[in-house]
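Residue numbers (the numbering used here), protein chains in the order written: chain A, 43 to 253; chain B, 6 to 128.
First up is the structure itself, then whatever we jot down about it.
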Amino acid sequence: MTSGSGAVTLAQVRGELRPLMPEIANLLDIRFADTYEKFVDCIYQTLDGALAFIEENPQLRKNDSEDRLTIEIVGLLRQSGLDASHDSMHGGHSDIVVKRASYSWLAEAKIHSSYPYLFQGFNQLTTRYANGSKNNNKGCLLMYIRQKNAAVVVNKWKEHLTNKKLTAFNISNCSQRGAHGFYSTHNHTGSGCHFEVRHIGVLLHHDPQDV
Amino acid sequence: MVEQDFPENPAFIRACAHVISFIESKPLPELRHLTFGFLSLLIENHELVSSVIAYLAGDRARLLDMRFEFIDEDEIYNISPEEINEARMGGGFIHPTTGKSVENFEHYIYIYFVPFGAEMDSQ
Chain A
43 MTSGSGAVTL
53 AQVRGELRPL
63 MPEIANLLDI
73 RFADTYEKFV
83 DCIYQTLDGA
93 LAFIEENPQL
103 RKNDSEDRLT
113 IEIVGLLRQS
123 GLDASHDSMH
133 GGHSDIVVKR
143 ASYSWLAEAK
153 IHSSYPYLFQ
163 GFNQLTTRYA
173 NGSKNNNKGC
183 LLMYIRQKNA
193 AVVVNKWKEH
203 LTNKKLTAFN
213 ISNCSQRGAH
223 GFYSTHNHTG
233 SGCHFEVRHI
243 GVLLHHDPQD
253 V
Chain B
6 MVEQDFPENP
16 AFIRACAHVI
26 SFIESKPLPE
36 LRHLTFGFLS
46 LLIENHELVS
56 SVIAYLAGDR
66 ARLLDMRFEF
76 IDEDEIYNIS
86 PEEINEARMG
96 GGFIHPTTGK
106 SVENFEHYIY
116 IYFVPFGAEM
126 DSQ
């Protein structure tokens, strides 16, 4: 068992081998994340890959509950080396929690049925679970969208949220998700500091017209 | 723990179990330098190699610890993640013996694994 027997270099994993071993590459990125911002960037890189996998086959998930969809995402995060957990009982924890040392990142997940229901998730994330401290001031709202025109749903949700007139509220684009995501920041009630939420519409519509 | 983490993924549980039982069956000195290639031989389903190793070496399972070494021909030096981070942040990587800056240093830093928490400094 020497270094020559199947050893790989940092350069290889970060470069040519990344498509072949994305989980190891993500693990490396996490290992080198020495700020909260880098930690969250690693989560989003992993999460984006997990969502791409889920969105490939919406027909397999058309009857899945909110919890089941979320548990699948948690499993994919764990397979990239993240300490991700899920609380199906919603007993004082967010739907998804990822921790590393003093860092934590939370996500709430909702199957879209109405905008007030999404706002309930947003409020759970930002007022019940996240304390808004410097190592816990970013989170995510996952919106499982089974309806057509997910871009319209995301846009209407953005308008709904904007109309809530949250303190110091701002919105910015999400380059990874395009029309199916955006970022918001607002003043976290508890901490009095900015809290960032990444809003992601997960595309789960399946209604083939060829039958 | 693996069963609890992946209750509906028996193939993944089986693949993890192969690696875990190998580690549990060997004395520590035989586990002091597990390469990615070596670990991949323990996992029959090649599609699961990367995710199984990432899970077992990740923050949740913490069964394997990812380590780094700088290899310059016959010389091998253990390198900490902090040293690598400093080099990547702009300080450059300084050769431990010559004191000279190493260009493209990530091409000479190899990844290996040891059981988590094991003291393996007697290489």
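All C-beta atoms in this analysis are idealised placements derived from N, C-alpha and C, irrespective of residue type, glycine included.
Comparing alpha carbon positions, the residue from A:Met185, A:Ser146 and A:Ala193 closest to glycine 174 of chain A is A:Ser146. Pairing asparagine 177 of chain A with serine 144 of chain A gives a Cβ-Cβ distance under 7 Å. Straight across, the Cα-Cα distance linking serine 45 of chain B with phenylalanine 211 of chain A is about 49 Å. Taking 7 Å as the CB threshold, arginine 19 of chain B stays off the interface with chain A. In its chain, beyond the 5 residues on either side, Ala16 and Ala20 have a beta carbon closer than 7 Å to the beta carbon of asparagine 50 of chain B. Minimum Cα-Cα distance from isoleucine 76 of chain B among the listed residues B:Ser26, B:Gly122 and B:Ile99 corresponds to B:Ile99. With fewer than three CB-CB distances shorter than 8 Å, the stretch 98-110 of chain A does not count as touching the stretch 73-80 of chain A. Within the stretch 20-45 of chain B, the residues whose Cβ lies closer than 9 Å to any Cβ of chain A are, in chain order, Glu35, Leu36, Arg37, His38, Leu39, Thr40, Phe41, Gly42, Phe43, Leu44 and Ser45.
The beta carbon of leucine 70 of chain A sits closer than 8 Å to those of Leu52, Val55 and Arg56, all from its chain and outside the five residues before and after it, given in chain order. Chain B places a beta carbon closer than 7 Å to that of serine 122 of chain A, counting this residue as a contact. For arginine 72 of chain B, there are no neighbours in chain A by C-beta distance under 8 Å, as the nearest C-beta there is about 10 Å away.
With at least 16 other beta carbons inside 10 angstroms of its own, methionine 185 of chain A counts as buried. Check the Cα spacing between cysteine 84 of chain A and each of A:Ala221, A:Lys180 and A:Thr209: the tightest is with A:Lys180. According to DSSP, histidine 154 of chain A shares a beta bridge with no other residue. Shown here, arginine 240 of chain A sits in a strand according to DSSP, grouped into three states. For a Cβ distance threshold of 7 Å, residue set Ser55 of chain B lies close to methionine 63 of chain A, ordered along the chain. Contact residues of the stretch 90-111 of chain B toward chain A are Asn90, Arg93, Asn109 and Glu111 (C-beta to C-beta distance below 8 Å). For isoleucine 114 of chain B, the residues of chain A that pass the 7 Å Cβ criterion are Thr51 and Leu52, in the order they occur in the chain. Contact with chain A is found for aspartate 64 of chain B, since one of that chain's Cβ atoms lies less than 7 Å from the residue's Cβ. In this structure, glycine 123 of chain A places its C-beta atom within 7 Å of the C-beta atom of alanine 59 of chain B.
DSSP places glutamate 74 of chain B in the strand class (E or B) of the three-state scheme. Going by DSSP, glutamate 108 of chain B is part of no beta strand (DSSP E) at all; its letter is neither H nor E. Between cysteine 235 of chain A and tyrosine 225 of chain A, the CB-CB gap reaches or exceeds 7 Å. Nearest CB-CB separation between arginine 60 of chain A and chain B: not below the 7 Å threshold.
Residue pairing by DSSP puts leucine 39 of chain B in a beta bridge opposite B:Phe118.
Per the C-alpha coordinates, the member of B:Asn109, B:Val107, B:Asp79 and B:Phe73 positioned closest to serine 85 of chain B is B:Phe73. Comparing alpha-carbon positions, the option among A:Ala49, A:Ser214, A:Thr88 and A:Lys80 lying closest to proline 61 of chain A turns out to be A:Thr88.
Put simply, of A:Arg240, A:Arg170, A:Val139 and A:His230 the residue whose alpha carbon is nearest the alpha carbon of leucine 183 of chain A is A:Arg240.
With respect to phenylalanine 43 of chain B, glycine 48 of chain A sits close: the two C-beta atoms are nearer than 7 Å. At a cut-off of 7 Å, the C-beta of aspartate 79 of chain B has no neighbouring C-beta in chain A. Scanning the stretch 57-145 of chain A from its first residue to its last, the whole beta strand (DSSP E) runs of 3-plus residues come out as 125-128 and 138-142. In this structure, DSSP gives glutamate 80 of chain B an extended state, which the three-state scheme calls strand. Distance from the CA atom of leucine 119 of chain A to the CA atom of tyrosine 117 of chain B, rounded to whole angstroms, is 22 Å. With a threshold of 7 Å between beta carbons, aspartate 76 of chain A makes contact with chain B.
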